[in-house]
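To start, the structure itself, in structure tokens.
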Amino acid sequence: MKKNIFAAAFAMLLLGGSLAGYAEVGQAAEPKAKVLRMNLSFHLLTVDPGIAEDTTSATISRAIFEGLTRLDKDGKIHAAAAESYTVSADGKTYTFKIRPAKWSNGDPVTAHDFEYAWKRALSPKTASGYAYQLYYIKGAEAYNKGTGTASDVGVKAVDAKTLVVELTNPTPFFTELTAFHTYYPLNKKVVEADKEWASNPKTIVGNGPFQIETWKPKQQLVLTKNQNYWDKQHVKLDKIEFSMIDDGYIELEMFRNGDLDWAGAPFSDVPMDFELASESPALFHTHPIAGTYFYRFNTEQAPFHNAKIRKAFAYALDRQALVEAMTANNLPATGFVPPTMAVSSGGYFTDNDTEAAKKLLQEGMKEAGIAKLPPITITYNTGIAHKAIAEEIKDQWKKKLGVDVKLENKEWTAFLEDVHHGKYQISRMGWLGDFNDPFNFLEMFKDKNGGNNDTGWEHPKYKELLNQSALEQDPEKRKTILAQAEQILMDEMPIMPIYYYTQSWLQSEKVDGALLDGLGMLDFKYIGIKP
Numbered sequence: 002m003k004k005n006i007f008a009a010a011f012a013m014l015l016l017g018g019s020l021a022g023y024a025e026v027g028q029a030a031e032p033k034a035k036v037l038r039m040n041l042s043f044h045l046l047t048v049d050p051g052i053a054e055d056t057t058s059a060t061i062s063r064a065i066f067e068g069l070t071r072l073d074k075d076g077k078i079h080a081a082a083a084e085s086y087t088v089s090a091d092g093k094t095y096t097f098k099i100r101p102a103k104w105s106n107g108d109p110v111t112a113h114d115f116e117y118a119w120k121r122a123l124s125p126k127t128a129s130g131y132a133y134q135l136y137y138i139k140g141a142e143a144y145n146k147g148t149g150t151a152s153d154v155g156v157k158a159v160d161a162k163t164l165v166v167e168l169t170n171p172t173p174f175f176t177e178l179t180a181f182h183t184y185y186p187l188n189k190k191v192v193e194a195d196k197e198w199a200s201n202p203k204t205i206v207g208n209g210p211f212q213i214e215t216w217k218p219k220q221q222l223v224l225t226k227n228q229n230y231w232d233k234q235h236v237k238l239d240k241i242e243f244s245m246i247d248d249g250y251i252e253l254e255m256f257r258n259g260d261l262d263w264a265g266a267p268f269s270d271v272p273m274d275f276e277l278a279s280e281s282p283a284l285f286h287t288h289p290i291a292g293t294y295f296y297r298f299n300t301e302q303a304p305f306h307n308a309k310i311r312k313a314f315a316y317a318l319d320r321q322a323l324v325e326a327m328t329a330n331n332l333p334a335t336g337f338v339p340p341t342m343a344v345s346s347g348g349y350f351t352d353n354d355t356e357a358a359k360k361l362l363q364e365g366m367k368e369a370g371i372a373k374l375p376p377i378t379i380t381y382n383t384g385i386a387h388k389a390i391a392e393e394i395k396d397q398w399k400k401k402l403g404v405d406v407k408l409e410n411k412e413w414t415a416f417l418e419d420v421h422h423g424k425y426q427i428s429r430m431g432w433l434g435d436f437n438d439p440f441n442f443l444e445m446f447k448d449k450n451g452g453n454n455d456t457g458w459e460h461p462k463y464k465e466l467l468n469q470s471a472l473e474q475d476p477e478k479r480k481t482i483l484a485q486a487e488q489i490l491m492d493e494m495p496i497m498p499i500y501y502y503t504q505s506w507l508q509s510e511k512v513d514g515a516l517l518d519g520l521g522m523l524d525f526k527y528i529g530i531k532p
């Protein structure tokens, strides 16, 4: 019933006229300020890029800071605060030239600002949750863990315009990392003058396209164009105004009434009318992000010590039906690496391949000497969605493979503890990328005792390929190597991919040039508002 009411309200919005973009006749012929109106239902925790961990904090940090590199409108990494960079022949030393630029308070942006910010994030005193993103730098991990010193870290401002970075090993995706918020610079003078600098608009000094004008926690956030930004001529918005409403239904009504230009991801969840969205695609948007929902198999316990049995369970699943019934707009996954960073043009197996699944199950049971499968248990952590997905998979496996499946629900801490100790047969998990590179996903299963593996699976050729990919500097050759590695992962199937995550939102037709990256974060630099 509520859906029909929303559809009617939405239709009224579509029939309404757009607001004028300029002053009335008789007034000065100056264009109105270009203002984007959004809602933040996920509260902004910090704008300190060195300690930001959530998407909201990272996205707002991106608006007011800028790293050495930035994801551009073409979806590729380009020089940003750095005007250029060179890489040594062995791929281990990067030399960045800092472009002439100013902080929002007028101070010059220098290479020293990057060295200071990176070492601050690594300092044990800072306790940055994302300090590990800097571990690719020589000496960084040791300093962060208290076994090394700041002077041992391989980042050095040779002069105000030259930053030299030494890596422990070649890291082909390093310029992806330098666009990540933990790698943003900081104005040392500002940060050290006031330990609460990041909570007061008057002391928040950035080098990005916007600056904070107003910040009233849980009430309002206003960003304005940074007139000291080096590339301000390409920044189209004058202002971004954020409401802070927790209720998704209220946010949706505000959008329908024309009080918001955007509703939904990445700053909130709103109820979606997908029927109406399909009829009005100009308003409804969906975007794949670097995330995969999957099940782990415990490969050290029967019957999932056998690869063919694991593949049988994976092939028997109808992901398309599951996604349509359970997860709205997510995408069926027939590989582990998500589409935002795919190394293969297609999947590695056929979804809902029941005949192949039955054949593989028979062959696997014969190989393993199993006459009859024991009861199978799916373990998941408390959550309505996780339970619904597990119940759907249970029903499918019973129908297609004749397998009896039990469901086991555990509180998150107990769930993780048991999974880490191998106390499960099949367990659910999701992985969201820290950076948009396939290595961030594939390295999870490189080592049997790796921190996030938990399957008991290890493969020598898989490890060899991942090591090889770290040394290969040609992007296409590296992509081929990683595709070979993912092929092994899917042939062995220690995990069962289920779906890729997506984000959904409603966007006014006045909004132009919106860019969401593979991690699901919005870049306001390129957004404009049509009259």
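Residue 2 is where the sequence shown starts when you use the numbering used here, and the numbers rise one by one after that. The beta carbon of each residue, even a glycine, is placed where N, CA and C say it ideally should be.
With DSSP as the reference, identify every bridge partner of residue i, one or two as the case may be.
i	result
Thr215	Val223
Phe416	Per DSSP, none; premise fails for Phe416.
Arg429	Tyr296
Glu193	Glu193 is not bridged to any residue.
Glu409	Thr380
Asp513	Gly529
Arg38	Glu242
Ile78	Leu72
Ile533	With the chain covering 2 to 532 only, the question about residue 533 has no answer from this structure.
His387	Paired residue(s): none; His387 is not in a bridge.
Gly265	Trp506
Ile533	Residue 533 is absent from the model: the chain starts at 2 and stops at 532.
Met497	Tyr296
Phe285	Leu507
Ala158	Leu164
Leu332	Tyr501
Leu318	Answer by DSSP bridge pairing: none, since Leu318 is not bridged.
Pop quiz: residue i and residue j are said to be a contact at Cβ under 8 Å. What is the actual Cβ separation, rounded to whole angstroms?
i	j	result
Phe337	Ile496	6 Å
Asn353	Gln321	7 Å
Trp104	Val512	Not really, about 29 Å apart at Cβ, beyond 8 Å.
Which word fits residue i, buried or exposed, when buried means at least 16 other C-beta atoms lie within 10 angstroms of its C-beta?
i	result
Met522	buried
Asp55	exposed
Lys190	exposed
Leu72	buried
Trp231	buried
Trp413	exposed
Val536	Because the chain here runs from 2 to 532, residue 536 falls outside it and cannot be looked at.
Gln28	In this prediction, Gln28 scores a pLDDT of 48, lower than 50, which makes its location untrustworthy; the coordinate-derived value is nonetheless stated afterwards. Classification of Gln28: exposed, given that the 10 Å Cβ count is below 16.
Val159	exposed
Pro218	exposed
Tyr425	buried
Asp247	exposed
Gln397	buried
Pro333	buried
Gly434	buried
Thr150	exposed
Ala83	buried
Gly265	buried
Gln228	exposed
Glu493	buried
Gly22	Caution is warranted here: a pLDDT of 32 is assigned to Gly22, below 50, making its placement in the model unreliable, and no coordinate value can be reported.
Asp448	exposed
Glu418	exposed
Closer than 6 Å by C-beta to residue i: which residues in its own chain qualify, once you throw out the five before and the five after it? Chain order, please.
i	result
Gln284	Going by the sequence as given, residue 284 is Leu instead of Gln. Within the same chain, Leu284 has close Cβ partners Leu507.
Glu510	Ala283
Ala391	Ile379, Tyr381 and Leu408
Val192	Trp198
Grab me the residues of residue i's own chain with a C-beta within less than 8 Å of its C-beta, minus the 5 sequence neighbours each way, in chain order.
i	result
Glu487	Gly336, Phe337, Val338, Val344, Ser345, Tyr349, Pro439 and Leu443
Gly68	Ala81, Ala82, Thr179, Ala180, Phe181, His182, Tyr184, Tyr185 and Pro186
Met327	Ala386, Ala389, Ile390 and Glu393
Thr57	Leu41, Phe43, His44, Leu45, Leu46, Pro267 and Phe268
In its own chain, which residues sit with a C-beta less than 7 Å from the C-beta of residue i, not counting the 5 before and 5 after it?
i	result
Asn307	Gly365, Glu368 and Ala369
Leu362	Ile310, Ala313 and Leu402
Trp216	Pro202 and Leu222
Asn5	At Asn5, the pLDDT of 31 sits below 50, so the modelled position is not reliable; the number obtained from the coordinates is stated separately. If we look at Asn5 and ignore the five residues flanking it on each side, it has no Cβ neighbours.
Glu1	Since the first residue shown for the chain is 2 and the last is 532, residue 1 is missing from the structure and cannot be characterised.
His79	Thr70, Arg71 and Asp73
Phe174	Phe436, Asp438 and Phe440
With a cut-off of 8 Å, does the C-beta of residue i fall near any C-beta of chain C?
i	result
Leu187	Annotation note: the requested chain C is absent from the structure, which comprises a single protein chain.
Exercise for review: Check whether the region 427-446 touches the region 291-303, counting contact only when three or more Cβ pairs, one atom from each stretch, lie closer than 8 Å.
Suggested key: Yes: the two stretches touch, three or more of their Cβ pairs being nearer than 8 Å.
**Study point:** Contact between the region 474-487 and the region 205-222 (3+ Cβ pairs under 8 Å)
**Key:** no
Practice item. Pair every Cβ in the region 423-437 with every Cβ in the region 367-381, then say whether three or more of these pairs are closer than 8 Å. Key: yes
Review point. Do the region 511-525 and the region 348-367 meet, that is, are 3 or more Cβ pairs less than 8 Å apart?
Key: no
Check your understanding: Do the region 86-104 and the region 42-52 make contact, defined as three or more Cβ pairs closer than 8 Å?
Key -> By the C-beta criterion, the region 86-104 is judged not to be in contact with the region 42-52, since fewer than 3 inter-stretch pairs fall below 8 Å.
Practice item. Please determine if the region 177-189 and the region 36-45 are in contact, where contact requires at least 3 C-beta pairs separated by less than 8 Å. Key: no
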